[in-house]
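The opening residue of the sequence shown carries number 1 in this note's numbering; numbering runs sequentially from there.
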Amino acid sequence: MAIPQRRLLYSASAAAAIGLLGALDVARAFDRNALWSIVHDQCVPNQEQHGDPAPCARVDLQGGIERGYVILKDLVGRTQYLLIATARIGGIESPELLAPGAPNYFAAAWRERGFTERAAGRDLPRTAISLAINSANRRGQDQFHVHIDCVRADVQAALRAEAARIGEARAPFPNRLVGHFYRAIRVLGAELGVDPFVLLADGVPGARAAMGAQTLVVVGADFGDAGPGFVVLNATSDFSTDLMPIRGEELQDHACALARD
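Shown next as structure tokens:
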């Protein structure tokens, strides 16, 4: 059967349009300042001028631009959100994060976990929620952001099995998590009263001088009689020698299988 010329022209146009959209997506993927542009040029101005955080889900400027943050739905996964600083901060290596009185962005990210729960369509136990920041050599954006999403089910199971052995002194976690070794420390409390960045910088020899090589993950925990808390995990990523460089986000599940249990 002959294919009508109009259909051929339409198919060619559609293919060209799809190709153009794909090219734009690729270009956007290589724009390491894309998050900063969204925050600085769209979310913050929209909030200040119109009381509307779009395209972000929330803009919090209670402490001013230098201490504020936005919550943005990530394009990857159905439950992943990002907490992004409204100040111009590069990432985990930025000295601003360790300055006296610096905002505790991880604590804020934990308070905003409700966005992930609503996207999952159900309340989630604290043990299902994780917060992650990638090392400088394994991130795709150069604006500070924390990934908020579900933890992988196998990681949750490993942390639960070893909960009694995780103490208040940082020590190597006994098993690999997603193929990598991490260090773990227990933090008690329903909320994050300590800043994980400071905890890392002061608790791992050499970390303060080379924070960019670190990856940091916080997972909600329940320590039984000791009460609720968190497991704070970190690992050092050496891009020059690691065959599989470590990326804290690997411990998260952007499909949130735990929400289906």
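Ideal Cβ placement from N, Cα and C applies to all residues, glycine included. Only a predicted model underlies this, so the values are computations on that prediction, with no experimental measurement involved.
Check                                                                                                                                                                                : Outcome
Under 7 angstroms Cβ to Cβ from R139, same chain only, skipping five residues before and after it: list those, please.                                                               : G91
Between the stretch 166 to 183 and the stretch 60 to 76, can you find at least three pairs of beta-carbon atoms closer than 8 angstroms?                                             : no
Where Q201 and G212 are concerned, what is the direct C-alpha to C-alpha distance, given to the nearest angstrom?                                                                    : The identity of residue 201 in the sequence shown is Ala, whereas the question assumes Gln. Going by the C-alpha atoms only, they are around 11 angstroms apart.
Buried or exposed, going by whether 16 or more other CB atoms sit within 10 Å of the CB of H180?                                                                                     : buried
Decide if S130 is buried, meaning its Cβ has at least 16 other Cβ atoms within 10 Å, or exposed.                                                                                     : buried
What separation, rounded to the nearest whole angstrom, lies between the Cα atoms of L216 and W36?                                                                                   : 21 angstroms
Three-state secondary structure (DSSP) at R260?                                                                                                                                      : helix
Just to confirm the assignment: which complete alpha helix (DSSP H) runs, minimum length 4, are found wholly within the stretch 140 to 217?                                          : 153 to 161, 196 to 203
Give me, in chain order, the residues of the same chain whose beta-carbon lies closer than 6 angstroms to that of D261; leave out the 5 immediate sequence neighbours on both sides. : none
Candidates T116, A235, G193: which alpha carbon is nearest A259's?                                                                                                                   : T116
Which class does F30 belong to by DSSP, given the choice of helix, strand or coil?                                                                                                   : coil
Taking only the alpha-carbon atoms, compute the straight-line gap between Q80 and Y105 and give it to the nearest angstrom.                                                          : 17 angstroms
Which residues in the same chain as P4 place their Cβ atom closer than 8 angstroms to its Cβ, once the five residues preceding and following it in sequence are excluded?            : With a pLDDT of 41 at P4, under the threshold of 50, the modelled position of this residue cannot be trusted, and the question is left open.
Check whether the Cβ atoms of A221 and G229 sit closer than 9 angstroms, and answer yes or no.                                                                                       : yes
From E168 to V204, what does the alpha carbon distance come to, in whole angstroms?                                                                                                  : 13 angstroms
Rounded to whole angstroms, what's the CA-CA distance from H50 to I148? Just pull it up for me.                                                                                      : 27 angstroms
So, does the stretch 250 to 259 touch the stretch 143 to 162, judging by three or more C-beta pairs under 8 angstroms?                                                               : yes
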